[in-house]
Every structure is written in structure tokens, then in C-alpha cells.
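K.L.:
Going by UniProt numbering, the letters in the sequence shown line up with residues 1 to 242, in that order. All C-beta atoms, glycine included, are put in the ideal place defined by N, C-alpha and C. Keep in mind that this is a model prediction, so the values were computed, not measured.
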Amino acid sequence: MSVTEKTALVFGGSRGIGAGAALRLAEDGFAVALTYVSRPDSAAEVVAQIEAKGGAALAIEADSADAQAISSAVAKAVEAFGTIDVVVVNAGIMRVGTIDVFRIEDLDQMLAVNIRGVFLAIQAAVSHMREGGRIITIGSNTAVRSSHPGTTVYAMTKAAVATMVKGIAIDLAPRRITVNNIQPGPTETDLTAAMIGRLAEAAPLKRVGQPSEIAALVSYLAGDEAGYMTGSSLTIDGGFAL
Ligand SMILES: NC(=O)c1ccc[n+]([C@@H]2O[C@H](COP(=O)([O-])OP(=O)(O)OC[C@H]3O[C@@H](n4cnc5c(N)ncnc54)[C@H](OP(=O)(O)O)[C@@H]3O)[C@@H](O)[C@H]2O)c1
1 MSVTEKTALV FGGSRGIGAG AALRLAEDGF AVALTYVSRP DSAAEVVAQI EAKGGAALAI
61 EADSADAQAI SSAVAKAVEA FGTIDVVVVN AGIMRVGTID VFRIEDLDQM LAVNIRGVFL
121 AIQAAVSHMR EGGRIITIGS NTAVRSSHPG TTVYAMTKAA VATMVKGIAI DLAPRRITVN
181 NIQPGPTETD LTAAMIGRLA EAAPLKRVGQ PSEIAALVSY LAGDEAGYMT GSSLTIDGGF
241 AL
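Next up, the structure:
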């Protein structure tokens, strides 16, 4: 299959886990559209890496807190590549703070990107998806167990995503579109840079994950062999949440 016969759209594909997913899906033969909000340089670098290996890629600026930007990103991806077979909704933010000091602006922003943005991304993409498509969200193992103070809002947004995929999986089952949620544990990205040593020490495997390891699970869920799995949340965290 040539690269332009299958298309993936990665929301938040410019860095970290999303960039890992974009690169892996390109290796798997997908043309990849990826969104970014603050780092056009990183997005361009991911596109360049894909093109250097003979793949097709497109970077699109789109804030996942902005409904109009999300639908415009979907339209641009469809205009460039014709269809969408796989959607990875990875864009997410983490603001920490205990309940007594957590700012309402941070609460609203996290709800907007981590929950509303996920819902709207799926809603915008799904009308362009073919039968048998794949939707993959990136949640977090904190939906299962959140043992650190100050992570209430982050964990609750990721628990919402785990619940969201169950309902949407039922909605889209008649079209054989599967909807699954990956729940990574601590993974080495910009998001965790400040706390990576402490996180590694706290994990049973005594290490954190790499974006490529999360991307391998994205690849599986995007592939033909995963067609019987839907509505699931898959935790990949080195035993962190046990
Ligand atoms: N790293 C971990 O340990 C870990 C563990 C569990 C779950 N996760 C989840 O995995 C996902 C990716 O995390 P990461 O560690 O790879 O984070 P990261 O390194 O901070 O990268 C975040 C990515 O999301 C994009 N993004 C952020 N806010 C956005 C917005 N409003 N609109 C569009 N794109 C936006 C960023 O775009 P720009 O580059 O343009 O800023 C970037 O591509 C998140 O949902 C996070 O909650 C991460």
C-alpha cells in the first residue's frame, strides 16, 4: 500500500508521545497530518523526518481548546490526503496544584484541552472516516491510580477520557470504527522533564517509558489485528499504577 492510501491525523503530534505516534504511523505506511499549538519548529521537524524517509506529512496549527481550529484542522487533513483512517487524540496538558490553591483558569484550560478538545476532535473527524477506522486517545494511568498530591484535575480529565471512549465506541460500532484509550505512565517527554528521576525511582521497573514504546501500542491499535478491541483503556506504565 502506498503512503497516501491510508491517512492518520494526530492531534498534538509535534513533540513527545504524539511525535512518536506520528513517526511510527508514518513508518507503518500512513500519510500523517499532525497538529501543534505552540511549537511550529518541532512540528516542522517531525514532518521533515517523515519526508526524509519517503513518507507524506503535514503540520497544522490548531489549538485543541478552539472548536473552530479543530474542525479546520480536520478539513485541511482531508483536503491534503483525501480521507482519515486513524485519529490519535494526544494533545493534552498538565497543570498541578492541590485543591486549596488550584487556579480556576488552569481548571478551565485543562477541561478545555483534555476533555472538550478530545470530544470535539473525534466529533469533527468521524464524519470523514471510512468504515473500519480507528480512533485512539491518549489518556493516563492516573485515571487508574493517582498517588501524588496536586494531580486531581489531571487525573479526573483522564478518567473522563476513559469513560468517553466507552460511549463513543458504542456509538461508532455500527460503522466498525473502533475507539480505544492508551493510558501511559511516566514517559520521557517535555511534560515530565522536571520530575523524571523521581518518577523512575517510584516505578516497579525503575524506569520511565519512551515515546516509541507508547507509539508501538498506537501502531497495534491502528492496525488490522486490533479490530476486535473497542472501548478499552490500555495501561502501559511499567507497573506504576499497581
Ligand atoms: N509524558 C507522560 O509521562 C505522560 C503520561 C501519561 C499521559 N500523558 C499524556 O500524553 C499526551 C502527550 O504528553 P507528552 O508528555 O508527550 O506532552 P508534551 O511533550 O508536553 O507534548 C504535548 C503535545 O501536545 C500538543 N498540545 C498541547 N496543548 C495543545 C493544544 N491546546 N492544542 C493542540 N496541541 C496541543 C503540543 O503541541 P506544541 O508542541 O505545539 O506545544 C505537543 O505536541 C498528553 O495527553 C498527556 O496528558 C503523558
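Quick one: what does DSSP say GLU37 is sitting in, helix, strand or coil?
P.N.:
A quick correction: the sequence has Val, not Glu, at residue 37. In the structure shown, VAL37 sits in coil (DSSP, three-state: anything other than H, G, I, E or B).
K.L.:
For ASN141, name the three-state secondary structure that DSSP assigns.
P.N.:
Of the three classes helix, strand and coil, the one that applies to ASN141 here is helix, per DSSP.
K.L.:
Quick one: which unbroken alpha helix (DSSP H) runs of 4-plus residues sit fully inside the segment 73-116? Chain order, please.
P.N.:
Fully enclosed alpha helix (DSSP H) runs of 4 or longer: 104-111.
K.L.:
Counting only runs of 3+ residues fully inside the segment 141-209, write out the beta strand (DSSP E) ranges in chain order.
P.N.:
If we require 3 residues or more, the beta strand (DSSP E) runs fully inside the segment 141-209 come out as 178-184.
K.L.:
Excluding the five sequence neighbours on either side, which residues of its own chain have a C-beta within less than 8 Å of the C-beta of LYS53, listed in chain order?
P.N.:
Within the same chain, LYS53 has close Cβ partners ALA26 and GLU27.
K.L.:
Helix, strand or coil: which one does DSSP assign to LEU58?
P.N.:
Residue state, collapsed to three classes: strand.
K.L.:
For THR187 and ARG176, what's the separation of their Cα atoms in angstroms?
P.N.:
Rounded to whole angstroms, THR187 to ARG176 spans 31 Å at the Cα level.
K.L.:
Mark residue 259 as exposed unless 16 or more other C-beta atoms lie within 10 angstroms of its C-beta, in which case mark it buried.
P.N.:
In this structure the chain extends from 1 to 242, so residue 259 is not present and cannot be described.
K.L.:
Tell me which same chain residues have a C-beta within less than 8 Å of the C-beta of TYR220, skipping the five on either side of it?
P.N.:
Contacts found: ALA226.
K.L.:
Just to check, is the beta-carbon of VAL113 closer than 8 Å to a non-hydrogen atom of ligand 1?
P.N.:
VAL113 Cβ: within cutoff of ligand 1.
K.L.:
Can PHE11 be considered in contact with ligand 3, in the sense that its beta carbon sits closer than 8 Å to one or more heavy atoms?
P.N.:
Inclusion of ligand 3 in the displayed structure is not the case, the ligand content consisting of ligand 1 alone.
K.L.:
Expressed to the nearest angstrom, what Euclidean distance is found between the alpha-carbon atoms of GLY16 and VAL161?
P.N.:
About 19 Å.
K.L.:
Would you decide whether residue 246 is buried or exposed? Buried here means 16 or more other CB atoms lie within 10 Å of its CB.
P.N.:
Here the chain comprises residues numbered 1 to 242, so residue 246 is not present and cannot be evaluated.
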